[in-house]
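Engineer: Each residue of the sequence shown is one higher than the one before, counting from 1 in the UniProt record's numbering.
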Amino acid sequence: MTGDTEGGRGGDGGVAGDADGADGAEGADEVALDPWGSSAVGDYRELFSEFGIEEFEGILPRVPDPHYLMRRGVIFGHRDYRPVARAMDEGDPFAVLSGFMPTGDPHIGHKLVFDEIIWHQAQGGDAYALIADLEANSARGMSWDEIDEHARNYLLSLLALGFDPEEGTLYRQSENREVQDLAFELGAEANFSEFQSIYGFDGETDVSHMQSVVTQMADILYPQLEEPKPTVIPVGPDQDPHVRLARDLAARTRYFGVRTAYASFEATDDELASLREAYEAREAYAEDADQPRCEEAAEWLASEETAAEGAIEKLENAGMEPLRPRTRFVDRRATDDAFEALIEAVDGEKRVFEAHVDAFEVNLAEAEELAREVEVAHGGHGFLPPSSIYHRFMTGLTGGKMSSSIPASHISLLDDPEEGYEKVKSATTGGRETADLQRELGGRADECPVYELYAYLLAGDDDEFATEVYEECVGGERLCGDCKEQAARLMEEFLEEHQEKRDEVEGLLEEAEIELESSRR
Ligand code: TRP
Ligand code: SF4
Numbered sequence: 001m002t003g004d005t006e007g008g009r010g011g012d013g014g015v016a017g018d019a020d021g022a023d024g025a026e027g028a029d030e031v032a033l034d035p036w037g038s039s040a041v042g043d044y045r046e047l048f049s050e051f052g053i054e055e056f057e058g059i060l061p062r063v064p065d066p067h068y069l070m071r072r073g074v075i076f077g078h079r080d081y082r083p084v085a086r087a088m089d090e091g092d093p094f095a096v097l098s099g100f101m102p103t104g105d106p107h108i109g110h111k112l113v114f115d116e117i118i119w120h121q122a123q124g125g126d127a128y129a130l131i132a133d134l135e136a137n138s139a140r141g142m143s144w145d146e147i148d149e150h151a152r153n154y155l156l157s158l159l160a161l162g163f164d165p166e167e168g169t170l171y172r173q174s175e176n177r178e179v180q181d182l183a184f185e186l187g188a189e190a191n192f193s194e195f196q197s198i199y200g201f202d203g204e205t206d207v208s209h210m211q212s213v214v215t216q217m218a219d220i221l222y223p224q225l226e227e228p229k230p231t232v233i234p235v236g237p238d239q240d241p242h243v244r245l246a247r248d249l250a251a252r253t254r255y256f257g258v259r260t261a262y263a264s265f266e267a268t269d270d271e272l273a274s275l276r277e278a279y280e281a282r283e284a285y286a287e288d289a290d291q292p293r294c295e296e297a298a299e300w301l302a303s304e305e306t307a308a309e310g311a312i313e314k315l316e317n318a319g320m321e322p323l324r325p326r327t328r329f330v331d332r333r334a335t336d337d338a339f340e341a342l343i344e345a346v347d348g349e350k351r352v353f354e355a356h357v358d359a360f361e362v363n364l365a366e367a368e369e370l371a372r373e374v375e376v377a378h379g380g381h382g383f384l385p386p387s388s389i390y391h392r393f394m395t396g397l398t399g400g401k402m403s404s405s406i407p408a409s410h411i412s413l414l415d416d417p418e419e420g421y422e423k424v425k426s427a428t429t430g431g432r433e434t435a436d437l438q439r440e441l442g443g444r445a446d447e448c449p450v451y452e453l454y455a456y457l458l459a460g461d462d463d464e465f466a467t468e469v470y471e472e473c474v475g476g477e478r479l480c481g482d483c484k485e486q487a488a489r490l491m492e493e494f495l496e497e498h499q500e501k502r503d504e505v506e507g508l509l510e511e512a513e514i515e516l517e518s519s520r521r
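1) Does DSSP put residue 229 in a helix, a strand or coil?
2) Within 10 angstroms of its Cβ, does residue 291 collect 16 or more other Cβ (buried), or is it exposed?
3) Any chance the CB of residue 146 is under 8 Å from a heavy atom of ligand 4?
4) Does DSSP put residue 519 in a helix, in a strand, or in coil?
5) Please state whether DSSP places residue 161 in a helix, a strand or coil.
6) Just to confirm my understanding: we take residue 133, look at its own chain, exclude 5 residues before and 5 after, and list those with CB closer than 6 Å. What are they?
7) Taking the continuous alpha helix (DSSP H) assigned at residue 381, which residues delimit it?
8) Applying the criterion that 16 or more other CB atoms from any shown protein chain within 10 Å of the CB defines a buried residue, is residue 268 buried or exposed?
9) Would you decide whether residue 151 is buried or exposed? Buried here means 16 or more other CB atoms lie within 10 Å of its CB.
10) Within this structure, are the beta carbons of residue 120 and residue 413 separated by less than 9 Å?
11) Could you give the distance in angstroms between the alpha-carbon of residue 64 and the alpha-carbon of residue 95?
12) Considering only their Cβ atoms, is the gap separating residue 278 from residue 297 smaller than 9 Å?
13) The beta strand (DSSP E) that contains residue 358, what's its start and end?
14) Does any heavy atom of ligand 2 sit closer than 8 Å to the C-beta of residue 429?
15) Quick one: does the C-beta of residue 173 sit closer than 8 Å to a heavy atom of ligand 2?
16) Got a sec? Which residues, its chain only, sit under 8 Å from residue 511 by beta carbon, not counting five neighbours each side?
17) Do the stretch 359-368 and the stretch 59-73 make contact, defined as three or more Cβ pairs closer than 8 Å?
18) Just to confirm, does residue 435 get its C-beta within under 8 Å of one of the non-hydrogen atoms of ligand 2?
19) According to DSSP, is residue 59 part of a helix, a strand, or is it coil?
20) Okay, do the stretch 389-396 and the stretch 445-462 touch, 3+ Cβ pairs below 8 Å being the bar?
21) Can you find the residues in the same chain that come closer than 8 Å, C-beta to C-beta, to residue 308, ignoring five residues on each side of it along the sequence?
22) Taking 8 Å as the cut-off, does the stretch 346-354 touch the stretch 37-55 (at least 3 CB pairs, one atom from each stretch)?
23) Have a look at residue 403 and residue 410 and give me their C-alpha separation to the nearest angstrom.
24) Of all the options 335, 57 and 390, which has the alpha carbon lying nearest to the alpha carbon of residue 378?
25) Jot down the residue ranges of each uninterrupted alpha helix (DSSP H) in the stretch 399-460, minimum 4 residues, whole runs only, in chain order.
26) Taking 9 Å as the cut-off, decide whether the C-beta atoms of residue 247 and residue 385 are in contact.
27) Tell me, which residues are paired with residue 329 by DSSP?
28) Provide the residue span of the beta strand (DSSP E) that contains residue 129, from first to last.
29) Residue range of the alpha helix (DSSP H) that residue 272 falls in?
30) For residue 390 versus residue 76, is the C-beta distance shorter than 9 Å?
31) Following the continuous beta strand (DSSP E) through residue 100, name the residue where it begins and the one where it ends.
32) In the DSSP output, what is residue 395 paired with across the bridge?
33) With distances taken from CA atoms, which of 52, 513 and 118 is nearest residue 159?
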C-alpha cells in the first residue's frame, strides 16, 4: 500500500488544478505530465507542440452555448472533443466522466471539474463522477477512514453545485464490480514496459498502484459499457498520460481495423501513401487508365524519389492485379462468427481474404460504423476513443502553485466564509509598488491570482463583469485594495451559499446509489 516510489511527492491529485509537491520544481519550464508528481505547467503552448493536445479555441465555435470556463480559456486544451461537441449539438447520446482522489478537502480547483461535469450533464450528457478510493489508498497511502470522510465532502460539494444524482451516476472504484472486471480485461492489453515508459514505474512500484492505473482505464471507458458513445473526461493536463493510454487500450480491444487499401496486399502507412500517389497518377503510366496494373504502378513509382521501397516491391509481386481503391476491414481479434457476420453485412462488391475483407462500395465512415455494429452485436465493446478537455491550474493565492499542503495558497470549499475572506485579502496580486504607479501603468491582471479568482469563479457566467475587472485593472482605474475587498466579499458569499447548499443536499446524498462507507479497513 505505502512505500511507493511516488509517495511523499505530492499531497493531492492534480485532477482539479492541484499542483502539489513541496519539492516540486517551481517555475520549471520543462513540461512533464506526471499524474502523481508535481504538475506545474510552465508553458501551456508546449503541451500542444510536444504532447499533441489541441487548442480548445479551435473547437469553441462548434460547442453549443459554451461554458464560461471555455469562453475564458480556462479550459485551454482538448483531445478529440469534436465527437462530443457534435453529439451535443445533434442531440445524440454522449457522456462525461471524471474522478476524484479523496486525499483532502475539495477546494476551488476541484470546483472547476465539478462544474465541467455538471455543465455536460445539463447539456444532456450521461454524467459520471467517481471516487478514486483505490488510487488514494494505493498511490497515496490514505486509510479507508480518511478516504470515507473526504469522499463524503467531495460528493456533497458536487451535489451542492448542481450535479443531479438521479440522472447521473456516482460510484467508488472499490465497490464497482463492472469497473473491476473491465479493468482486468483491459489489463490484458497493457504490459509492464509500457507502464514503465508512460509513468516511470520501476521495480519498486507497488502492484496495487499499477492496478489503480488499469482501474482508471476502466473508469474512463465505463460510460461506454452499455453502448459506445462519445465520452469526455474533464481533467487537469497532468492526467493526459492516462487519457492517451485509455485511447490506446480502447483501440486495442476492437475486433476490426478499418482502413483504405489499393490492392489485395497489406501495406504500412508509408507504403499506403505511395500507393495512393501511384493510383492518383495512373493517367500518366497506365495502358488503360480505368485499370492500372500493379506492375505498371511499380515501374512508375521506381522513378519517384519519395516512393516507399516496400511499396514498389509489393506492387511488383502483385503483377497484373489492378490497382483499385477500396475500404478494408481487417480481422484483428474478432470471433469467427463476428467475422462471418461482417462479411455478410458488407454491401455491394467485396472480396474476402483469410483475415480481411475488401469492400468496393462502402466508404470509410460507413465502414467504421458497420464494424462497430457487428462488434457490439457479437459481444464486443466497440469502444470509441475517449475524448478529454484540460483546464489550467490555478495560481496559489500566495503566488507559486496552488497546493493543498499550503492552506493559505488555496481556498477549501469547507473553509469558514470569514477565513475565505481573509485568505483573499492576504493574497498576492499583480499590482504595482504604489497606487500612483498603478494608476500610471495599470495592474498586471494576467499575473494576478485575484484576477484568476474573478475569471475562474467569482464572476460566474457574467463575462461583462470579468472583462470590466480586467479592463479596469490594466487601465489603472482599479486599485488592489478595493479589488481584493470586492473579491473577498464575493468569496465569502460564495462559501456561505455553497455551505448552505451542502447542508441541503445531505438527504440527496443519502439516497444516492453510492457506498459512503467503505467495507474495507
Ligand atoms: N487519477 C485521478 C486523480 O489523480 C483520479 C481518477 C481516477 C480519474 N479515475 C479517473 C480522473 C477517471 C478522471 C477519470 O485525481
Ligand atoms: Fe489584481 Fe485587482 Fe490588483 Fe488588478 S487591481 S492587480 S486584478 S488585485
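For each residue, glycine too, the CB sits at the ideal point set by N, CA and C.
Structural biologist: The structure says:
1) For the purposes of this step, residue 229 is identified with residue 229 of the sequence shown, where counting begins at 1. Coil at residue 229, not helix or strand.
2) What you label residue 291 is simply residue 291 of the sequence shown in a count that begins at 1. When all chains shown are included, residue 291 counts as exposed.
3) This structure simply doesn't include ligand 4; it includes ligand 1 and ligand 2 instead.
4) Taking the first residue of the sequence shown as 1, we reach residue 519 at position 519. Residue 519 falls in the coil class under three-state DSSP.
5) Position 161 of the sequence shown, counting from 1, holds the residue named residue 161. Of the three classes helix, strand and coil, the one that applies to residue 161 here is coil, per DSSP.
6) In the sequence shown, counting from the first residue as 1, residue 133 sits at position 133. Closer than 6 Å at the Cβ level, and outside the excluded window around residue 133, lie 147, 172, 173 and 174.
7) Taking the first residue of the sequence shown as 1, we reach residue 381 at position 381. No alpha helix (DSSP H) holds residue 381; DSSP gives it neither H nor E.
8) Counted from its first residue, the sequence shown places residue 268 at position 268. Looking at its Cβ environment, which holds fewer than 16 other Cβ atoms inside 10 Å, residue 268 is exposed.
9) Reading the sequence shown from its first residue, position 151 is the one you call residue 151. Per the 10 Å Cβ criterion, buried.
10) By one-based count along the sequence shown, residue 120 stands at place 120. By one-based count along the sequence shown, residue 413 stands at place 413. No.
11) As a first step, residue 64 is located in the sequence shown; it is residue number 64 there, counting from the start. As a first step, residue 95 is located in the sequence shown; it is residue number 95 there, counting from the start. Going by the C-alpha atoms only, they are around 16 Å apart.
12) For this step, residue 297 is matched to residue 297 along the sequence shown. For this step, residue 278 is matched to residue 278 along the sequence shown. Yes, the Cβ-Cβ distance between residue 297 and residue 278 is below 9 Å.
13) On the sequence shown, residue 358 is found 358 positions in, with the first residue counted as 1. Residue 358 -> beta strand (DSSP E) spans 356-359.
14) Against the sequence shown, residue 429 aligns to sequence position 429. For ligand 2, at least one heavy atom lies less than 8 Å from the Cβ of residue 429.
15) Indexing the sequence shown from 1 puts residue 173 at position 173. No, the Cβ of residue 173 stays beyond 8 Å of every heavy atom of ligand 2.
16) Residue 511 sits at position 511 when you count from the first residue of the sequence shown. So the list reads 165, once near-sequence residues are dropped.
17) no
18) Position 435 of the sequence shown, counting from 1, holds the residue named residue 435. Every heavy atom of ligand 2 is 8 Å or more from the Cβ of residue 435, so no.
19) For the purposes of this step, residue 59 is identified with residue 59 of the sequence shown, where counting begins at 1. Residue 59: coil per DSSP, three-state reduction.
20) yes
21) Translated into positions along the sequence shown, residue 308 becomes position 308. Here the set comprises 268, 270, 271, 273 and 274.
22) no
23) Residue numbering aside, residue 403 sits at position 403 when the sequence shown is read from its first letter. Residue numbering aside, residue 410 sits at position 410 when the sequence shown is read from its first letter. Roughly 7 Å separates the two Cα atoms.
24) Looking up residue 378 in the sequence shown gives position 378. Ranking the options by Cα distance to residue 378, first place goes to 335.
25) 417-425, 435-441 and 449-453
26) Here residue 247 is taken as the residue at index 247 of the sequence shown, counted from 1. Here residue 385 is taken as the residue at index 385 of the sequence shown, counted from 1. Cβ distance < 9 Å, so residue 247 and residue 385 count as in contact.
27) On the sequence shown, residue 329 is found 329 positions in, with the first residue counted as 1. Answer is 258 and 357, bridged to residue 329.
28) On the sequence shown, residue 129 is found 129 positions in, with the first residue counted as 1. Segment 126-131, the beta strand (DSSP E) holding residue 129.
29) For this step, residue 272 is matched to residue 272 along the sequence shown. Counting along the chain, the alpha helix (DSSP H) containing residue 272 begins and ends at 269-280.
30) As a working note, residue 390 is residue 390 in the sequence shown. As a working note, residue 76 is residue 76 in the sequence shown. A contact, by the Cβ cut-off of 9 Å.
31) Position 100 of the sequence shown holds residue 100. That run of the beta strand (DSSP E) goes 95-100.
32) In the sequence shown, counting from the first residue as 1, residue 395 sits at position 395. Bridge partners of residue 395: 401.
33) The residue labelled residue 159 in the question sits at position 159 within the sequence shown. Comparing Cα positions, the closest option is 118.
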